[in-house]
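Student: Going by this note's numbering, the first residue of the sequence shown is number 12, and it counts up by one from there.
The structure follows.
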Amino acid sequence: TGQQGLEPKDVMPTLLEESKRALKTISNLEKIIYCERSEAKATIVYEALNKALQRTNIQFTEEQLQTIIDPILKDLSKKLRKVARAQKESEQVQRILSAWSEYVFKRGFVTWQFGQFCRLFLENFLLYYKWGKEEKDTSRGINSVVSRENFSPWVQQYLHMLRVTGNTFSHVRKDYVPSLTEQKDIIIALNSLLRIVEFWGEILKIKE
């Protein structure tokens, strides 16, 4: 935008395509961060980015947040922090806790950000159990880790739920039926994440 005075919403689609191209072709480039000095302008860029990526935020009423979402979030936060305290030396666990604080509590509960967190959680959970990230396939990674660690089938099922939740918010597919995630899907994903974190605490022998 800059000196040319272009609107972020007009340049964002091209900027995203160029960013994708750079990430694919430059081997030592892992991440691109968009920055803006002004908080007001940063909000505009943020909204333009969400629109270009066709991100949707599923709305919950205040009553739903207070009675359904918030209790799960508080329980998740409590259990994640216990795992993090027990695994202070684990880079993967600390990365999960940092992302949880950033995505969920710093900005409030936004469903597509929760989807991103599911993806980050899954990748780091698998890395904790020595998943070879060079495979770049979390589906096979889940099956491999579950088999090697002799985890129960329901653990595999919930991990795949987190994978699908993360992918749904990362890759827009209007041809899916239904094309949009609904409130019930988010609640199921939240409970899947909670159960996995509870399970993790159990196998690490973390006391309540």
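Heads up, the beta-carbon is just placed ideally off N, CA and C, and yes, glycines get one too.
Every value quoted in this text rests on a predicted model; they were computed, and no experiment measured them.
Is it true that the CB of PHE132 sits closer than 9 Å to the CB of ILE153?
Tutor: No. Outside cutoff.
Student: Do you know how far the Cα of ASN202 is from the Cα of PHE136?
Tutor: Approximately 17 Å between the Cα atoms of the pair.
Student: For GLN127 and PHE180, which I take to be in contact (beta-carbon distance under 8 Å), what is that distance rounded to the nearest angstrom?
Tutor: With a Cβ gap of about 6 Å, GLN127 and PHE180 count as contacting.
Student: Use the C-beta contact count for GLY177: other C-beta atoms within 10 angstroms, 16 or more gives buried, fewer gives exposed.
Tutor: Buried is the call here.
Student: State the Cα-Cα distance for the pair ASP86 and SER112, rounded to the nearest angstrom.
Tutor: Taking the straight line joining both Cα atoms gives about 14 Å.
Student: Does the Cβ-Cβ distance between PHE120 and LEU84 come in under 9 Å?
Tutor: In this structure, LEU84 lies closer than 9 Å to PHE120 by Cβ.
Student: Tell me which residue opens and which closes the alpha helix (DSSP H) that TRP111 is part of.
Tutor: Run containing TRP111: 102-111, per the alpha helix (DSSP H) assignment.
Student: Around the Cβ of VAL122, are there at least 16 other Cβ atoms within 10 angstroms (buried) or fewer (exposed)?
Tutor: Per the sequence shown, residue 122 should be read as Thr rather than Val. It is buried - the Cβ of THR122 has at least 16 other Cβ atoms within 10 Å.
Student: Quick one, which of GLU47, ALA95, LYS31 and LEU204 has its alpha-carbon nearest LEU40's?
Tutor: The shortest Cα separation from LEU40 among GLU47, ALA95, LYS31 and LEU204 belongs to LYS31.
Student: Would you give the residue range spanned by the alpha helix (DSSP H) that ASN135 belongs to?
Tutor: From DSSP, the alpha helix (DSSP H) with ASN135 extends over 122-139.
Student: Put ASN68 into one of helix, strand or coil per three-state DSSP.
Tutor: Coil.
Student: Relative to the alpha-carbon of PRO24, which residue among LYS35, GLN168 and VAL56 has its alpha-carbon at the smallest distance?
Tutor: Looking at the Cα atoms, VAL56 is the closest of the given residues.
Student: Closest to LYS141 by C-alpha separation, out of GLN70, GLN124, GLN103 and THR36, would be which residue?
Tutor: The residue with the shortest Cα to Cα distance from LYS141 is GLN103.
Student: Return the residue from the list CYS129, ARG174 and SER163 that minimises the CA-CA distance to ARG151.
Tutor: Among CYS129, ARG174 and SER163, the Cα nearest to that of ARG151 is on ARG174.
Student: Measuring alpha carbon to alpha carbon, tell me which of VAL208, GLU73 and LEU215 ends up nearest SER88.
Tutor: Per the Cα distances, VAL208.
Student: Could you spell out where the alpha helix (DSSP H) holding GLU28 opens and where it closes?
Tutor: Counting along the chain, the alpha helix (DSSP H) containing GLU28 begins and ends at 19-36.
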